[in-house]
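Numbering (this note's numbering), first residue to last: 109 to 509.
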């Protein structure tokens, strides 16, 4: 940023020198100090040049041409010296007669000086003015947003960052991770759960790190409206995103799966825990083995009972049993058959929790390997007790497939 500021100051100095050269009939008491200031600017001695220009403040009877050249020289010197207030005053005196290019360079220089001086509220105003005057620099937009944040205008920063992120995605690009985390920080300072969720979701889309997923899932479960009945679904997403790493979580998920009527899923969870080296070791190793043996027995029993369960579900007046049986088929390795059974159950109607059924159908379609259909299904899930939130997160995960 310092190098850019030096280039801008040099450009303003050239404009000032040009104005000096073009000025006619300057009196010696004006011309000589300006010549000295010009030489100092060319040598990069901006503070000395600014002091020399200030000597002219005591000269009386200045013509309009003299005033213009003096203020141009003062603007260049002040810009180079980082004296933002002086540069701003000179700019206001000159702006009516400046070209658009000179005007934008001047505004950028003033904004940058305020930024370097940590006068963020003033910097924010001048960066906003830069864009109002037609500026298009992406670097300056970045700096404007930073000044908004640093000045405490978190709402403004969040608004600009959201627009920037959406524009980048619309153009097919990937938002910078730093921009997404800045949005997250602004949202947290605002205590805005909607913007916070948006920032976290964009982070896991573009930078699916385990810590981002863990944070997102933790925030989801802390929502006052989130229902405890989705504990197994949270574990499913935690396992799918690589977040699960505790033996207690593997054990709890496996037991919940068995209790829900999905022993095959429970066995898969235990197997993954063993493969990850989380289960089967330490002082709880024997307990892990007992659970694995118990689940293996339940899987055998479930296989034997499956034909009867399918027949009973088909005869039921509503589709609840079909949805459960279908999901069990999917996690047992019968993906296409299980998805079809779940769809049959949803179509049959009379569901106790229709949104949960659609959520689980979307998850089943992902397990069965059809991410596109899973996303389409998950987008239809509604509700305010956690089903829609989970569906949105599963849809984000489905995008990776």
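No residue lacks a Cβ here, since even glycine has one placed at the ideal position from N, Cα and C.
Buried/exposed call for residue i, threshold 16 Cβ in 10 Å
i	result
residue 96	Here the chain has residues from 109 to 509 only, and residue 96 is not among them.
residue 333	exposed
residue 344	buried
residue 341	buried
residue 165	exposed
residue 244	exposed
residue 102	Any answer about residue 102 is impossible in this case: the structure gives the chain only from 109 up to 509.
residue 152	exposed
residue 129	At residue 129, the pLDDT of 49 sits below 50, so the modelled position is not reliable; the number obtained from the coordinates is stated separately. Residue 129 comes out exposed.
residue 436	buried
residue 385	exposed
residue 494	buried
residue 489	buried
residue 412	exposed
residue 319	exposed
residue 310	buried
residue 427	buried
residue 416	exposed
residue 398	exposed
residue 373	buried
residue 160	buried
residue 302	exposed
residue 211	buried
residue 367	exposed
residue 492	exposed
residue 299	exposed
residue 420	exposed
residue 189	buried
residue 469	buried
residue 163	exposed
Integer Cβ distance of residue i from residue j, believed to fall under 8 Å
i	j	result
residue 430	residue 450	7 Å
residue 217	residue 242	About 16 Å; that fails the 8 Å criterion.
residue 475	residue 433	About 15 Å; that fails the 8 Å criterion.
residue 181	residue 134	Residue 181 to residue 134, Cβ: 11 Å. No contact.
residue 291	residue 269	4 Å
residue 231	residue 219	5 Å
residue 327	residue 308	7 Å
residue 194	residue 186	4 Å
residue 348	residue 505	6 Å
residue 255	residue 223	6 Å
residue 296	residue 289	In fact, because the Cβ distance is near 10 Å, the residues do not count as touching under 8 Å.
residue 237	residue 215	6 Å
residue 355	residue 392	6 Å
Terminal residues of the alpha helix (DSSP H) in which residue i lies
i	result
residue 181	172-189
residue 493	From DSSP, residue 493 is part of no alpha helix (DSSP H); its letter is neither H nor E.
residue 473	462-475
residue 443	443-456
residue 198	192-202
residue 224	208-224
residue 276	262-278
residue 227	Looking at the DSSP string, residue 227 is not in any alpha helix (DSSP H), and its letter there is neither H nor E.
residue 336	Run containing residue 336: none; DSSP gives neither H nor E here.
residue 486	479-486
residue 151	No alpha helix (DSSP H) contains residue 151, which DSSP labels as neither H nor E.
residue 258	246-258
residue 360	355-367
Within-8 Å CB hit, residue i to chain B
i	result
residue 284	In summary, chain B is missing from the structure at hand, where a single protein chain is found.
Any non-hydrogen atom of the ligand ADP closer than 7 Å to residue i Cβ
i	result
residue 373	With respect to the ligand ADP, the structure shown offers nothing to examine, as it has no ligands at all.
query: What alpha helix (DSSP H) runs, 4 residues minimum, are completely inside the segment 377-456?
result: 393-423, 428-439, 443-456
- request: List in chain order: all unbroken alpha helix (DSSP H) runs of 4+ residues lying wholly within the segment 285-336.
  value: 285-298, 301-314, 318-330
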